[in-house]
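As numbered in UniProt numbering, residues 1 to 182 make up the sequence shown, in order. The C-beta atom is built at its ideal place from N, Cα and C for all residues, glycine as well. Scroll down for the structure; my scribbles are underneath it.
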Amino acid sequence: MSAVGPERPEFVSLTAEIVSAYLGRNHVRPDDLPSLIQSVHATLAGLATGASDAPTSAPKATVAEIKRSITPEHLVSFEDGKRYKTLVRHLRLRGLSPEAYREKWGLPVGYPMTAASYSAKRAELARGAGLGRAGLARQAAPDAEQDAAEDAPQQMVADQPSADQFEETITREPIEDDGFAE
């Protein structure tokens, strides 16, 4: 037995393969190489005995990370680190609700799911389309002209003449035979 766990030949060869593959893609200082080898070997030994060093939950975001993730133009997702104008669709693709996302990363209840500029743009478009003014229309007194227009009978679509009721008929000129008929 060694300090890192049971000495099995398969652990040594697996450790060598994993570390060499890692070093092929990553730069490691020579001083850190022994600790890397020891860590990989200990992880393999732990997996063989059933012990798990894996964290049980995602790390909670710090206050500084939360502040950096919110900008006027976008929000940075803690799931993948990418920028989004709105997080809701992104979270649904990952199987999370906004509440579960906030709980998973330790975010405050008031953490936004939409960037401020995107919300302002959508609100401006809605106001331009006249949405959100139903309360104002009920409060305003109707004009006399509107009352008169509402009292006048309106012609329904069914009362309008249909296409076959028009008196004009379409006539076609006879087609002359040019001798190329089949």
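Beta-carbon to beta-carbon, residue 115 and residue 73 are separated by about 6 Å, close enough to satisfy the 8 Å threshold. The region 41-51 makes no contact with the region 69-83: fewer than 3 CB pairs, one atom from each, lie closer than 8 Å. In this structure residue 76 is in contact with residue 69, their Cβ atoms being roughly 4 Å apart against a cut-off of 8 Å.
Counting along the chain, residue 70 sits inside no alpha helix (DSSP H), nor does DSSP assign it H or E at all. By the neighbour-count criterion, in which a residue is buried when 16 or more other Cβ atoms sit within 10 angstroms of its Cβ, residue 89 is exposed.
Taking all protein chains shown into account, residue 41 has 16 or more neighbouring C-beta atoms within 10 Å of its C-beta and is therefore buried. Per DSSP, the continuous alpha helix (DSSP H) segment holding residue 88 begins and ends at 88-93. With fewer than 16 neighbouring CB atoms inside 10 Å of its own CB, residue 22 falls in the exposed class.
Around the beta carbon of residue 87, 16 or more other beta carbons sit within 10 angstroms, so the residue counts as buried. For the pair residue 106 and residue 60, the CB atoms are nearer than the 8 Å cut-off.
In the DSSP assignment, residue 43 falls within the unbroken alpha helix (DSSP H) covering 33-49.
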